[in-house]
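Asks: Going by the numbering used here, the residue at position 29 of the sequence shown is 126; the numbering climbs one at a time, nothing skipped.
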Amino acid sequence: MNLILMILGAVLVAVLIAYVIVKFLPLNLRWIPSILLLALAGFLGYQIYGGIMEPIKFNKEKVVKYAEVVNSLKIIRDAEVKYYEVYGKYTKDKAGLIQFVDTAQLALTETKTIVEQVNKGGGIIVDEEKRVTDTIGYEPVIKYFKDRDYKNMFKVPGVPNTEFELEIGEVEKVQGLMQPTFRARTPKRGILDGMNESLVKQELEAIETDQIKGEYVSVGSLEEVTTGGNWPPSYDRKIADKE
Numbered sequence: 098m099n100l101i102l103m104i105l106g107a108v109l110v111a112v113l114i115a116y117v118i119v120k121f122l123p124l125n126l127r128w129i130p131s132i133l134l135l136a137l138a139g140f141l142g143y144q145i146y147g148g149i150m151e152p153i154k155f156n157k158e159k160v161v162k163y164a165e166v167v168n169s170l171k172i173i174r175d176a177e178v179k180y181y182e183v184y185g186k187y188t189k190d191k192a193g194l195i196q197f198v199d200t201a202q203l204a205l206t207e208t209k210t211i212v213e214q215v216n217k218g219g220g221i222i223v224d225e226e227k228r229v230t231d232t233i234g235y236e237p238v239i240k241y242f243k244d245r246d247y248k249n250m251f252k253v254p255g256v257p258n259t260e261f262e263l264e265i266g267e268v269e270k271v272q273g274l275m276q277p278t279f280r281a282r283t284p285k286r287g288i289l290d291g292m293n294e295s296l297v298k299q300e301l302e303a304i305e306t307d308q309i310k311g312e313y314v315s316v317g318s319l320e321e322v323t324t325g326g327n328w329p330p331s332y333d334r335k336i337a338d339k340e
């Protein structure tokens with residue numbers, strides 16, 4: 098909007114200068130407003146170029162910032178998933194989750210089918226298949242976080258002295274069955290602090306499928322059973338390429 102107003106203002110000024118030239122200036126002085134018009138044209142061109150490039154620059158910078166945040170959220174998500182595998186629930190204890198990654202063990206199981214003879218009575222014995230699961234060993238959780246900065250996973254990248262919000266809850270997945278949920282998130286505004294304010298406001302209202310929707314970058318949900326994030330697949334590709 099500011100760029101449009103600037104263009105309209107410049108056009109108005111140019112028309113006024115042209116009018117003054119024609120009506121009041123003698124021929125030998127008309128070179129002065131001509132220089133002014135050239136300067137105005139140069140200024141206007143510079144502003145138009147800046148107006149076009151500003152959103153492009155903004156989009157490039159926000160993607161870089163978001164990618165770092167998404168990477169941290171994926172570490173939190175993976176830690177919560179492993180915690181759930183061990184305890185059947187999620188946790189909002191940040192220090193406890195870091196300690197869990199450091200010290201916990203995951204059971205390694207093996208499921209096999211065995212055949213048992215079952216007496217049905219009256220001298221009738223039949224073979225029945227039965228699936229049994231045995232624990233065959235353990236492995237450290239930290240194995241899944243090699244070369245990942247899980248100790249700092251709750252610090253929001255690029256936002257000093259700020260940590261991700263971490264909440265847990267429950268959702269009734271089917272009638273009478275409650276399912277644990279978790280959510281980790283941080284406001285977009287803090288991540289985009291210092292950038293073009295009008296573009297930041299547009300970003301907070303983003304609803305496009307190829308954008309991070311809403312005012313937060315988040316993973317998980319308190320309203321539905323999911324461990325997904327609200328970022329588009331392009332951020333997963335960027336992180337994979339970086340790794």
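In this text, a Cβ means the ideal position worked out from N, Cα and C, and glycines have one as well.
Source: prediction; values computed, not measured.
1. Let me check one thing: in DSSP terms, what residues is R282 bridge-paired to?
2. Return yes when the Cβ of V238 is within less than 8 Å of the Cβ of F279, no when it is not.
3. Straight-line CA distance for E260 to F242?
4. Since V256 is in the beta strand (DSSP E), which residue starts that stretch and which ends it?
5. Does the structure place the segment 313-323 close enough to the segment 160-176 that three or more beta carbon pairs sit under 8 Å?
6. Are the beta-carbon atoms of Y235 and I195 separated by less than 8 Å?
7. Whole angstroms are fine: how far does the CA of A204 sit from the CA of D231?
8. Along the chain, where does the alpha helix (DSSP H) that runs through I194 open and close?
9. Going by the beta-carbon positions, is the gap between T206 and R228 smaller than 8 Å?
10. Measure the C-alpha to C-alpha separation of A201 and A176 and round it to an integer number of angstroms.
11. Alpha carbon to alpha carbon, how far is I173 from V212?
12. Which residue from L133, Q272, A136, L170 puts its Cα closest to that of Y332?
13. According to DSSP, what are the bridge partners of D333?
14. Helix, strand or coil for Y187 per DSSP?
15. Looking at the structure shown, is K243 part of a helix, part of a strand, or coil, going by DSSP?
16. Is it the case that the CB of P284 approaches a heavy atom of the ligand SAH more closely than 7 Å?
17. Beta-carbon within less than 8 Å of M292's beta-carbon, same chain only, minus the 5 sequence neighbours each way: which residues are those?
18. Once the 5 residues before and after W328 are set aside, which same chain residues still bring their CB inside 6 Å of it?
19. Can you list, in chain order, the residues of its chain with a C-beta nearer than 8 Å to that of G287? Leave out the 5 residues immediately preceding and following it.
20. Would you call Y187 buried or exposed, if buried means 16 or more other Cβ atoms sit within 10 Å of its Cβ?
Replies: Taking the definition as stated:
1. E262, S315
2. no
3. 20 Å
4. Taken as a continuous stretch (DSSP letters only), V256 belongs to no beta strand (DSSP E), as it is neither H nor E.
5. yes
6. no
7. 10 Å
8. Residue identity differs from the one stated: residue 194 is Leu in this sequence, not Ile. Residues 191-200.
9. no
10. 11 Å
11. 42 Å
12. L170
13. The partner list for D333 (beta bridge, DSSP) is empty, contrary to what the question assumes.
14. coil
15. coil
16. Looking for the ligand SAH in the displayed structure turns up nothing, as the structure carries no ligands at all.
17. F155, E158, K159
18. V167, I309
19. V253, V256, T259
20. buried
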